[in-house]
Every structure is written in structure tokens, then in C-alpha cells.
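Undergrad:
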Amino acid sequence: MELTKKWHGYSCDDYVSSPLAKAGYWDEPSQLWLIEPCDRIEEEAKVEFLQVGRPGVDDIGFGYRKGQEGFWAIHRMEGGRFQYLAPSIQTFLDEWFAGQITV
């Protein structure tokens, strides 16, 4: 997928090569895109963060850090603090729905 070139420097191949890049993940109980389709994702260049999702609270974003492995959260209301969540987006989703990850 061309996104791999577009988002060079972000270790997001797990997202780009998955069905999530095309379809995202709509969380019906929360009524939000927990993971956005690729045509809706945004780079926050100033802090080198590629946001691909959100929990819907406290201006927190889910995504990738430039030059870093894994899946992360950015806590904007806490000065942009980063929180490591999981080694991949699929592991994040599995653990999120199992209640093993909180932000």
C-alpha cells in the first residue's frame, strides 16, 4: 500500500497491511471509530505522532511514534505524555477488549 511510503519512519506496517487500514474499527457500544480507516488518519508532525485511533476521552490519541516500535497513546491533556500500549495494533485491540489495557 502507498501509505507505507507516505508514513515513512513510522513502524505502522501492521496497520497498513491489515484490513483496519481500509475499514477501520467502529466500536458500536462507544459509538466511535476506535481505529480510523487510512483515509482519515492524521500525522501530528510537531510531536512525530501518527494518530490512527482514539478512545473518545480526554483528547487521547492512539497510534505510532516516528522512529519507535509499537503502538502508543498520546495524552494531550497531560502535556503530550506518551504511553506504550502494545507491540502491534492487533495485540492492542485484543488486550483493549480483554480489559488488559487502560489509558
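The opening position of the sequence shown corresponds to residue 3 in our numbering, with each subsequent residue numbered one higher.
Just so it is clear, CB atoms sit at the ideal spot from N, CA and C, and this is done for glycine as well.
Here the structure is a predicted model, which means the values were calculated and not measured.
Skipping 5 residues on each side, what residues in its chain have a beta carbon closer than 8 Å to that of V49?
TA: If you number the sequence shown from 1, residue 49 lands on position 47. Leaving aside the five residues that flank V49 on each side, the residues in its chain whose CB is nearer than 8 Å to its CB run, in chain order, I76 and G82.
Undergrad: Can you give the Cα-Cα distance for C14 and V59, rounded to whole angstroms?
TA: Residue mapping note: residue 14 aligns to position 12 of the sequence shown, counting from 1. Residue mapping note: residue 59 aligns to position 57 of the sequence shown, counting from 1. Their backbone Cα atoms lie some 23 Å apart in a straight line.
Undergrad: Between Y12 and Y66, is the Cβ-Cβ spacing less than 9 Å?
TA: As a working note, residue 12 is residue 10 in the sequence shown. As a working note, residue 66 is residue 64 in the sequence shown. Contact flag set, yes.
Undergrad: Who pairs with Q85 in a beta bridge, going by DSSP?
TA: Looking up residue 85 in the sequence shown gives position 83. Paired residue(s): A75.
Undergrad: Can you tell me whether W28 is buried or exposed? The criterion is at least 16 other CB atoms within 10 Å of its CB, across all chains shown.
TA: For the purposes of this step, residue 28 is taken as residue 26 along the sequence shown, with counting starting at 1. Classification of W28: exposed, given that the 10 Å Cβ count is below 16.
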